[in-house]
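> Once you've had a glance at the structure underneath, I'll fire off some questions.
Number of protein chains: 2
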Amino acid sequence: MILIREAKPGDEKDIFSMIKELALYEKEPDEVVNNEQELCNHLFHEKICHAIVAEKKNEIIGFALYYMSYSTWKGHCLYLEDFYVKENARQQGVGSKLYNAVIDIAKLKKVRRMDWQVLDWNKPAIDFYVKHSAELDGQWINGRLNFKY
Amino acid sequence: MILIREAKPGDEKDIFSMIKELALYEKEPDEVVNNEQELCNHLFHEKICHAIVAEKKNEIIGFALYYMSYSTWKGHCLYLEDFYVKENARQQGVGSKLYNAVIDIAKLKKVRRMDWQVLDWNKPAIDFYVKHSAELDGQWINGRLNFKY
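Same order as they appear, the protein sequences are chains A and B.
Letter by letter, the first sequence follows residues 1 to 149 in my numbering.
Letter by letter, the second sequence follows residues 1001 to 1149 in my numbering.
Below, the structure is given as structure tokens:
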């Protein structure tokens, strides 16, 4: 049995551990300057982002983290920032359950679009999105400026 | 003299007109389902996004629209959603003034990263960002789901 539920205080440890796993898979482990305590603050105190987790036998095996974003073309949107299932918990439909739960939240919040990004070499993830009938568009380049204080 | 200032109620007419100009330039005019009144609400009542405008002789000639976003790797971020200078006002440094003003806001808000996207065929914009030492990364694909109610 896989349970999808809203993240609650205390989950930040498991979620942050998966954020680091995903960053490593995406070959950018050194880009993570966030930490468990800040994530806890962002999720449960400032509430600038939100997360749901997948649980099996009381163990967290996946998560999706999102925030409310904006489009000048669409208005209110939802940005799916991270979406991850632990390696040993794959091929059991956990990803689909998490993804569909985020879509349900997006519809509940009446956003006009849900957005995310996937690396162009991440074939398993791209296959997942194609299977789930998502629109994929490779013609946008990301611009970025990093700030240190 | 070019003045950069925070957008105020009433500016939504000019800003929305430029949003449509930019969408046309980006070959997606039909994707705009937002409208002036909703934009006014988003900017000045809900305050889910923010804008600055460039003014010359009391005429608005450009704008930048942004919102506070989030990164699991960085924490608080700023997303530059739209950034535009009217065609007849280009080559006067208006873009640099707007861009630098957004960077100042990002630093004031202590965000760790500022993000945006640029179309891979938009050479003038890409040249601008390269000239301004921004990091450009073309390895991410945009995933999208549109919702209609």
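All C-beta atoms in this analysis are idealised placements derived from N, C-alpha and C, irrespective of residue type, glycine included.
Being a predicted model, the structure only gives us computed values, none of them experimental.
Restricting to Cα atoms, I'd like to know which of A:I48, A:E21 and A:I15 is closest to M68 of chain A.
A:I48
> When Cβ atoms are compared, which residues of the stretch 1008 to 1038 of chain B fall closer than 7 Å to chain A?
I1019, A1023, E1031, V1032, V1033, N1034 and E1038
> Smallest Cα separation from V102 of chain A: which of A:W73, A:H50, A:V33 and A:F128?
A:H50
> Check the Cβ of G138 of chain A against every Cβ in chain B and list those closer than 9 Å, keeping chain order.
D1120, G1138, W1140, I1141 and N1142
> I need the straight-line Cα distance from K160 of chain A to R90 of chain A, nearest angstrom please.
Examination of residue 160 of chain A is not possible in this model, given that chain A is present from 1 through 149 alone.
> At a Cβ cut of 8 Å, what residues of the stretch 61 to 75 of chain A count as close to chain B, listed as they run along the chain?
L65, Y67, M68, S69, Y70, S71, T72, W73, K74 and G75
> Under 7 Å between C-beta atoms, does L78 of chain A make it to chain B?
Residue contact with chain B for L78 of chain A: absent (no Cβ-Cβ distance below 7 Å to any residue of chain B).
> Looking only at its chain, what residues have a beta carbon closer than 6 Å to the beta carbon of F83 of chain A, apart from the 5 residues adjacent to it on each side?
A64
> Mind checking which residues open and close the alpha helix (DSSP H) that includes Q37 of chain A?
From DSSP, the alpha helix (DSSP H) with Q37 of chain A extends over E36 to F44.
> What does the Cβ neighbour count give for N88 of chain A, buried or exposed, with the cut at 16 atoms within 10 Å?
exposed
> Tell me the DSSP bridge mates of G1062 of chain B?
Bridge pairing for G1062 of chain B: B:A1054 and B:V1085 [DSSP].
> Assuming R112 of chain A and N1041 of chain B are in contact, meaning their beta carbons sit under 8 Å apart, how far apart are those beta carbons, in whole angstroms?
With a Cβ gap of about 14 Å, R112 of chain A and N1041 of chain B do not count as contacting.
> Tell me whether Y1079 of chain B sits in a helix, a strand or coil according to DSSP, three-state version.
strand
> Identify the contact partners of F44 of chain A in chain B, using a Cβ-Cβ distance below 7 Å as the criterion.
Here the premise fails: no neighbours, minimum Cβ distance about 14 Å.
> How big is the Cα-Cα spacing for E152 of chain A and A1023 of chain B?
The first residue shown for chain A is 1 and the last is 149, placing residue 152 of chain A beyond what the model contains.
> CB-CB under 7 Å to Q119 of chain A, same chain, minus the five flanking residues each way: which ones, in chain order?
Per the sequence shown, the amino acid found at residue 119 of chain A is Leu instead of Gln. Closer than 7 Å at the Cβ level, and outside the excluded window around L119 of chain A, lie E26.
> Going by DSSP, what residue range makes up the alpha helix (DSSP H) through G95 of chain A?
V94 to L108
> Nearest to G1095 of chain B by alpha carbon, out of B:H1132, B:H1045, B:T1072 and B:S1017?
B:H1132
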